[in-house]
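Reviewing the structure listed below.
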Amino acid sequence: MISQNKYYISGRTKFEAQDFEGALKDYSDAIGEEENPSIYSERAVVYFYLKNLEASMADMNYAATLEPENPYRYSSRAFIKDAMGDTEGAIADYEIAIKLDPEDSIAYNNLGLLQEKLGYKAKAKEYYDSADSLAEVDNLLERIKKKNFNEFVESVDAAAEEQKARKEMSLFVLMRNTLTTKSGFKEYIDFLKNGFKAR
């Protein structure tokens, strides 16, 4: 078990340094009698970067078999399936991932991308909207964690003032901001989604 952990940690370190061949060797050495789904999953990612999609899929399939209740296994496998041209299979896996974790905004977003890829724009929009809603909640919770309650109340008041000012913003100003700031671009997308009305 100790050597398994040692190889696993070494594999992660090498992967982060983009030494994919070294990471592959360490993850392979880490696989022992006690089968760990995370090792197979990590090795699948390495195979993916090495463009060995068949080996990547085999390892991710095995990781999902060892840990069928882990939504990450299905999201990861969906990504591999899409890279292999199996968009329908990827959609099925993202749907499983969402069933297991209904608050996974990334899975919703990726599912939207695949639906759009197949030409299902209305379906894609539903998934994008779900992803946006979940991401907003995630961001809000993260901000609450990082600030004490009083600072949070102040930030809510400031956001309300900003929202009020934004309602008075002209399309011209919005377009200018879109070209100069990341937040402006997000506001422009929201502006379009809301039928050319500021929130």
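Residue numbers (this note's numbering): -10 to 188.
Glycine is no exception: its CB is placed at the ideal position from the N, C-alpha and C atoms.
Cα-Cα separation between residue i and residue j, rounded to whole angstroms
| i | j | result |
| --- | --- | --- |
| Ser(-1) | Asp48 | 19 Å |
| Tyr97 | Leu103 | 10 Å |
| Asp8 | Met73 | 23 Å |
| Ser119 | Ser(-8) | 43 Å |
| Lys(-5) | Lys110 | 47 Å |
Close Cβ partners of residue i (< 8 Å) along its chain, the five nearest in sequence each way excluded
| i | result |
| --- | --- |
| Asp93 | Pro60, Ser64, Ala86, Ile87, Leu123 |
| Glu10 | Leu39 |
9 Å Cβ cutoff met for residue i and residue j
| i | j | result |
| --- | --- | --- |
| Ala81 | Ala52 | no |
| Leu13 | Leu39 | yes |
| Glu31 | Phe4 | yes |
| Leu107 | Thr76 | yes |
| Tyr29 | Asp15 | no |
| Ala79 | Asp71 | yes |
Nearest-angstrom Cβ-Cβ length linking residue i and residue j, presumed shorter than 8 Å
| i | j | result |
| --- | --- | --- |
| Tyr36 | Ser45 | 4 Å |
| Tyr83 | Asn99 | 6 Å |
Cβ of residue i within 9 Å of any chain B Cβ
| i | result |
| --- | --- |
| Ala147 | No chain B is present in this structure, which holds just one protein chain. |
7 Å Cβ shell around residue i - same chain, five flanking residues per side excluded
| i | result |
| --- | --- |
| Gly101 | Ala113, Tyr116, Tyr117, Ala120 |
| Ala19 | Gln(-7), Tyr(-4), Tyr(-3), Gly0, Ile28 |
Kindly provide the ranges of any beta strand (DSSP E) runs that are 3 or more residues long and lie completely inside the region 64 to 109, ordered along the chain. none
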